[in-house]
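J.: Numbering (the UniProt record's numbering), first residue to last: 1 to 262.
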Ligand code: GLC
Ligand code: MG
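Shown next, in the form of structure tokens:
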């Protein structure tokens with residue numbers, strides 16, 4: 001049996017498993033298969049909850065799910081934390097969560113402000129959501145554009161989250177929205193503590209996942225430089241940088257923290 005390096009307990013109770021999809025859970029099909037078996041057994045035996053926290057819209061998630069072997073999650077956090085779906089059959093995101101995002105959000109003003117920057121190239125329509133405006137932005141241009149955009153948005157009274165991921169994607173979100181805050185909402189709903197939560201990710205939009213109380217965090221071995229840099233500046237014994245890639249790195253981290261003994 002593996003021991004939890006942080007709490008010293010063996011994880012034979014339910015935990016909350018949260019994972020990003022692209023280049024974290026998805027990317028190594030063999031390791032994913034092994035991880036799925038262990039997680040679905042743990043869910044059956046102990047009531048462990050499985051949550052996906054992706055930057056993708058629900059539509060884009062469904063396209064991925066049609067191609068890859070993904071377990072049905074207990075909840076889907078989509079569009080970088082701006083939408084939560086608990087019921088596969090319901091097309092509408094959780095209204096209690098959406099309501100929390102309204103404060104200070106002015107989507108039209110965010111779009112109009114971003115329109116001043118030729119370097120910001122709008123992403124596909126499917127990725128533009130009520131609480132998320134997304135662009136492509138090269139790393140070089142980002143150095144100049146991000147500080148200017150940030151200042152201009154705030155001059156116009158817009159209090160937003162700017163999230164830059166993978167050296168190419170820029171998301172403008174309401175101040176109260178990110179993947180981590182969405183996880184916190186589910187923890188409260190389900191009565192699960194942060195120490196019984198493990199979150200996994202590989203890029204900038206996952207930083208918030210590693211900032212929810214003392215949730216255990218697994219940064220996969222193939223993580224983007226922006227996240228590795230963040231990890232190095234924010235080291236804690238409840239954050240682990242794996243060597244293995246994608247689902248292989250998740251398996252490595254789950255064993256390190258003692259969540260799985262298989
Ligand atoms: C996903 C989304 C995209 C977003 C990116 C980073 O790729 O489809 O809209 O910008 O994640 O969060
Ligand atoms: Mg990712």
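Heads up, the beta-carbon is just placed ideally off N, CA and C, and yes, glycines get one too.
Let me know the secondary structure DSSP gives residue 241 once reduced to three states.
T.: Residue 241: strand per DSSP, three-state reduction.
J.: Quick check on the burial criterion: 16 or more other C-beta atoms within 10 angstroms. Buried or exposed for residue 116?
T.: exposed
J.: From 167, 152, 166, pick the residue whose C-alpha is nearest to that of residue 160; which is it?
T.: Residue 152 is the option with its Cα nearest to residue 160.
J.: Output the distance between the C-alpha atoms of residue 97 and residue 146, rounded to the nearest integer angstrom.
T.: 28 Å
J.: From residue 237 to residue 218, what distance separates their C-alpha atoms?
T.: 11 Å
J.: Nearest by alpha-carbon distance to residue 88: which of 72, 80, 46 is it?
T.: 72
J.: Can you tell me whether DSSP reads residue 117 as helix, strand or coil?
T.: Three-state result, residue 117: coil.
J.: Are the beta-carbon atoms of residue 107 and residue 133 separated by less than 8 Å?
T.: Yes, they are a contact pair.
J.: Which parts of the region 192-260 are runs of the beta strand (DSSP E), unbroken and 3 residues or longer, counting only runs that do not cross its ends?
T.: Entirely contained in the region 192-260, the beta strand (DSSP E) runs reaching 3 residues are, in chain order, 197-201, 216-219, 239-241.
J.: Quick one: give me the first and last residue of the alpha helix (DSSP H) that residue 185 is part of.
T.: 179-190
J.: Is DSSP giving residue 150 helix, strand or coil here?
T.: helix
J.: For the ligand MG, I want to know if residue 79 counts as a neighbour, meaning its beta carbon is within less than 7 Å of at least one of the ligand's heavy atoms.
T.: no
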